[in-house]
Each structure stands twice: as structure tokens, then as C-alpha cells.
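Chains as they are written, first to last, in our numbering: chain A, 157 to 344; chain B, 157 to 344.
Backbone N, C-alpha and C define an ideal beta-carbon position, used for all residues, glycine too.
Below: one structure, written as C-alpha cells.
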DNA sequence: GACTCCCTGTACCGATCGGTACAATCTTCT
DNA sequence: AGAAGATTGTACCGATCGGTACAGGGAGTC
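Here it is as C-alpha cells:
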């Protein structure tokens with residue numbers, strides 16, 4: 157009861173897995189009650205805004221994780237090579253080496269995209285900016301840094317899609333490995 | 157009435173747009189009747205297998221398009237540079253320069269993935285094989301060709317996701333342009 | 001022990017889900 | 001014209017959807 161914050165985090169984690177597995181519209185209240193172990197009463201007490209609030213809080217939670225573990229380190233880094241390696245390691249960990257899907261990408265593809273457009277855009281925009289600024293510090297031009305950061309995000313998303321489609325997590329690991337090299341390559 | 161084949165193709169095109177816009181589970185029969193202009197009676201007469209048959213025929217239709225316009229030209233090509241340019245042009249056209257989503261990728265991410273796993277896997281597998289064999293003929297080693305083809309598919313998927321997420325079709329065009337260069341680059 | 005107040009399980013809501021049944025209609029062929 | 005078959009709209013099915021109402025349980029406080 158005192159551990160309210162903790163509990164809510166755990167609930168959000170369960171919610172994120174349901175949304176990941178079934179998408180926003182596919183995650184029915186039944187599935188949600190099963191995954192969280194909470195009845196409808198509790199669910200709507202905790203999230204008066206219903207499914208939409210649940211999803212939006214899950215997205216915020218994800219955003220927070222990336223802010224803390226990916227974007228901020230990227231911004232504060234001195235050594236580009238180390239920072240990039242750390243980012244890749246973080247990404248690999250978060251996505252369970254390709255076994256886990258990107259919920260933000262999934263939402264972006266679905267019909268619920270418009271509802272969460274702002275969160276989705278901000279997630280990628282801040283990532284790209286943080287990475288581009290790091291690359292710029294490593295000697296790339298502004299446009300090259302932008303472009304290369306864009307390439308990094310898109311590679312990660314594509315690798316997740318393809319790994320899932322072909323049921324081969326190796327695709328994700330290879331893509332991350334290649335991406336590391338590409339990000340560290342000297343300016344063209 | 158004689159134009160049965162044609163009509164069915166038009167219906168499948170309408171169906172594909174609904175599935176693209178709402179995903180497999182999100183495409184309700186109501187949406188489908190609206191998009192196709194067909195009542196339930198006609199729909200279930202044409203597709204006794206229901207939604208699953210509709211989706212599976214749509215996937216087959218997509219597969220057929222790629223087989224004809226992408227895979228086969230790739231297999232038959234003599235000039236790798238021209239073949240790759242043609243593939244990129246075909247992809248750009250098919251995805252409306254990033255405004256259209258890849259239904260196969262969308263299905264792969266959703267809960268319906270398992271139902272259509274074979275179609276999804278075959279779509280990507282045959283594409284990768286056709287492209288890798290072309291790259292091999294252009295002088296790359298077997299593993300390099302495989303890897304580069306994988307990179308191409310994943311780049312296209314990632315570009316579609318990111319373009320949609322950020323509502324910026326430019327991402328897709330830039331990715332295709334970069335990809336062309338990367339595919340044509342000499343062996344590393 | 002009584003009083004709060006937060007929390008939760010359950011019953012229920014109207015709407016919609018995918019799918020079926022079937023009579024009416026429309027073509028086609030003779 | 002009339003029989004036969006293909007095609008269609010409509011009413012309907014049980015199940016499930018997201019969401020609400022609310023009575024009762026549980027933990028603190030006095």
C-alpha cells in the first residue's frame with residue numbers, strides 16, 4: 157500500500173507487455189486483467205481514463221527509460237565511441253537482443269497512431285537529436301550527423317520488424333553490430 | 157460478371173487498404189463492407205473463410221506483385237546496377253514514396269503474425285535470396301551478399317516505420333537513396 | 001469498536017465483434 | 001418464358017468489446 161509507486165511501475169510493465177503482444181486495439185480488457193492480475197474495478201480506479209490512459213502512461217514510461225538510459229548519456233558523453241557502444245548495448249538490452257518489439261513503432265503503424273502521435277514523434281525526435289549532436293561533436297557536419305542518426309533509428313526499427321517477421325533474432329544482433337561500425341565511420 | 161478476376165482484384169486492393177489502415181484485428185467487418193462496398197452476404201460468398209481468408213488472399217496478392225515486379229527482375233538481371241536501381245524504383249512506387257505502409261511488416265508485428273507466419277517469412281526470404289544472388293553475381297562473397305540483402309530489407313522496413321512515426325516521407329526517400337549507394341558499393 | 005476512506009470483485013450496460021441463415025433478386029442458358 | 005445457379009441484403013446469432021455502478025472488504029485513525 158505504501159509501495160504505490162513501485163506497484164504502479166510493475167503494473168505498467170505488465171501493461172506494456174500486453175500492448176506489445178497484441179497492439180493497442182488488440183489488447184482487450186480481459187487480456188489486461190489477466191496480465192496485470194487486477195480486476196476492472198482496480199484498473200479503472202488506477203486509470204480513470206481507461207485504455208487510452210494506460211497506453212499513454214506506458215508510452216511515458218518507455219520514454220522515461222530511454223531518456224534516462226539512452227538520451228541523457230548520449231548528451232553528456234565526451235567520448236563518442238564509448239557513448240555509441242553504450243547506446244547500442246542499452247538498445248540490445250532493452251529489446252532483449254531482438255526478442256522484444258518496439259511498442260512505439262508498433263503504435264506508429266497502427267490506427268492508434270494519431271491518438272499518440274505526439275509521444276511517438278517526441279520519442280524518435282529526441283533520440284535522433286541527442287545522437288546527432290554527439291555525432292556532430294565527433295566531427296561530422298550537421299547534415300551528416302542528422303542523416304546518420306536517422307539511419308541509426310531506422311536500422312533499429314527495421315531490424316526489429318525483420319527479426320520478428322523471420323523469427324530470427326540474429327538479424328537484430330547483426331544489424332546492431334553493423335550499425336556500430338557505420339556510426340563510428342569517419343565522415344564521408 | 158465475366159470480369160470476375162478483375163473484380164476480385166479490385167476487392168483485394170480495397171481489402172489491402174483496410175488492413176493497412178487498421179491492422180488485421182482492427183479491420184472490422186463493418187470497415188470492410190464500407191471499403192469494398194460489399195455486404196456481408198457477398199463478402200462471405202466470395203471469401204467463405206472469412207477475415208482470415210481475406211487477409212491471406214491479400215498477402216498472396218502482395219506476394220504476387222513483388223514476385224512479378226521485384227523478385228523475378230532481380231533473378232533475371234544481367235546488370236546489377238540497373239537491377240538494383242529498378243528494384244529501388246519499384247519499391248518507391250509500391251510504397252508511394254513512404255506514404256504507404258508495408259502490410260507484411262504490420263502483420264509480422266501484430267498478434268496475427270503466427271496465423272500468417274509462412275506467408276510473411278516467405279515474402280522476406282524470397283526477396284532476400286533473389287537480391288543476394290544478384291549481389292553475388294556482382295562479385296560479393298556469399299555471406300556478404302546475404303548480409304547486404306538483409307540490410308536492404310531491414311532498411312526499407314525501418315524507413316517505413318520511421319517515416320510513419322514521424323510523419324515525414326522524406327525519411328523513406330533518403331533511406332532508399334542511401335540504400336542504393338550501399339548496395340552498389342564494392343565489397344568491403 | 002466505530003468511523004473513514006481507499007480499494008476491489010461482480011454484475012451489468014449498450015455497442016460491436018465475426019459469422020450464419022435465408023429469402024429475394026439478378027444472370028445466364030435453354 | 002422459365003428453370004437453374006450465382007449473387008446479394010437483411011435479420012439475426014452468441015460472444016466479446018470498453019466502460020460504469022456499486023456494494024462490500026481492508027487497513028488506518030481516533
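**OP:** Go through its chain and collect everything with a Cβ distance to residue 326 (chain A)'s Cβ below 6 Å, but skip five positions before and after it.
**Re:** Against the first chain, residue 326 (chain A) aligns to sequence position 170. Hits under 6 Å: none found.
Subject >> Boundaries of the alpha helix (DSSP H) in which residue 201 (chain A) is found, first to last residue >> reply: Along the first chain, one-based indexing puts residue 201 (chain A) at 45. Counted as a single uninterrupted DSSP element, the alpha helix (DSSP H) harbouring residue 201 (chain A) occupies residues 196-202.
Original post:
Can you tell me whether residue 283 (chain B) is buried or exposed, with buried defined as 16 or more other CB within 10 angstroms of its CB?
Top reply: As a working mapping, residue 283 (chain B) is identified with position 127 in the second chain. So residue 283 (chain B) ends up on the buried side.
**OP:** Give the single residue among A:281, A:255, A:220 whose Cα lies nearest to the Cα of residue 168 (chain A).
**Re:** Looking up residue 168 (chain A) in the first chain gives position 12. Minimum Cα distance to residue 168 (chain A) is reached at A:220.
Subject >> DSSP state of residue 256 (chain B) mapped onto helix, strand, coil >> reply: Numbered from its first residue, the second chain carries residue 256 (chain B) at position 100. Reduced to three states, the DSSP call for residue 256 (chain B) is coil.
**OP:** Would you verify that the beta carbon of residue 311 (chain A) is, or is not, closer than 9 Å to some beta carbon of chain B?
**Re:** Taking the first chain and counting its residues from 1, the one referred to as residue 311 (chain A) is at position 155. Answer yes: the Cβ-Cβ gap between residue 311 (chain A) and chain B drops below 9 Å somewhere.
Subject >> Opening and closing residue of the alpha helix (DSSP H) in which residue 222 (chain B) lies >> reply: Counted from its first residue, the second chain places residue 222 (chain B) at position 66. Where residue 222 (chain B) is concerned, the enclosing alpha helix (DSSP H) stretches over 206-222.
Original post:
Are residue 272 (chain B) and residue 212 (chain B) closer than 9 Å when you measure CB to CB?
Top reply: Taking the second chain and counting its residues from 1, one reaches residue 272 (chain B) at position 116. Taking the second chain and counting its residues from 1, one reaches residue 212 (chain B) at position 56. Yes. Within cutoff.
Original post:
Any C-beta of chain A sitting closer than 9 Å to the C-beta of residue 277 (chain B)?
Top reply: Stepping through the second chain from its first residue, residue 277 (chain B) is reached at position 121. True, the Cβ-Cβ gap to chain A drops below 9 Å.
**OP:** Would you mind giving the Cβ-Cβ distance between residue 317 (chain B) and residue 264 (chain A), rounded to the nearest angstrom? I have them listed as a contact below 8 Å.
**Re:** In the second chain, the residue the question calls residue 317 (chain B) occupies position 161. In the first chain, the residue the question calls residue 264 (chain A) occupies position 108. That pair is a contact at about 6 Å.
Original post:
Does the distance from the C-beta atom of residue 287 (chain A) to that of residue 305 (chain A) stay below 9 Å?
Top reply: By one-based count along the first chain, residue 287 (chain A) stands at place 131. By one-based count along the first chain, residue 305 (chain A) stands at place 149. Residue 287 (chain A) places its beta carbon less than 9 Å from that of residue 305 (chain A).
Original post:
Leaving out the 5 sequence neighbours to the left and right, which residues in its chain are closer than 8 Å to residue 159 (chain A) when beta-carbon positions are compared?
Top reply: Within the first chain, the letter at position 3 stands for residue 159 (chain A). Residue confidence for residue 159 (chain A) is low, a pLDDT of 49 falling below 50, so the modelled location carries little weight; the figure read from the coordinates is stated next. Once the five neighbours on either side are set aside, residue 159 (chain A) has no close Cβ partner at all.
Subject >> Simplified DSSP state of residue 297 (chain B), which is helix, strand or coil >> reply: Along the second chain, read from residue 1 onward, the residue named residue 297 (chain B) stands at position 141. In this structure, residue 297 (chain B) counts as coil in the three-state DSSP scheme.
Original post:
Of all the CB atoms in chain B, is at least one closer than 9 Å to the CB of residue 323 (chain A)?
Top reply: As a first step, residue 323 (chain A) must be located in the first chain, where it is residue number 167. Yes, because at least one Cβ of chain B sits closer than 9 Å to the Cβ of residue 323 (chain A).
Original post:
What are the boundary residues of the alpha helix (DSSP H) that residue 226 (chain B) is part of?
Top reply: As a first step, residue 226 (chain B) is located in the second chain; it is residue number 70 there, counting from the start. In the DSSP assignment, residue 226 (chain B) falls outside any alpha helix (DSSP H) and carries neither an H nor an E.
**OP:** For residue 294 (chain B), I'd like the list of residues in its chain whose CB is within less than 7 Å of its CB, leaving aside the five on either flank, ordered along the chain.
**Re:** As a working mapping, residue 294 (chain B) is identified with position 138 in the second chain. Around residue 294 (chain B): 236.
Original post:
Should residue 222 (chain B) be flagged as near chain A, meaning a C-beta pair shorter than 9 Å?
Top reply: As a first step, residue 222 (chain B) is located in the second chain; it is residue number 66 there, counting from the start. Not one chain A Cβ lies under 9 Å of residue 222 (chain B).
**OP:** Return no unless some Cβ of chain B is closer than 9 Å to the Cβ of residue 226 (chain A).
**Re:** In the first chain, counting from the first residue as 1, residue 226 (chain A) sits at position 70. No, residue 226 (chain A) does not count as interfacial toward chain B.
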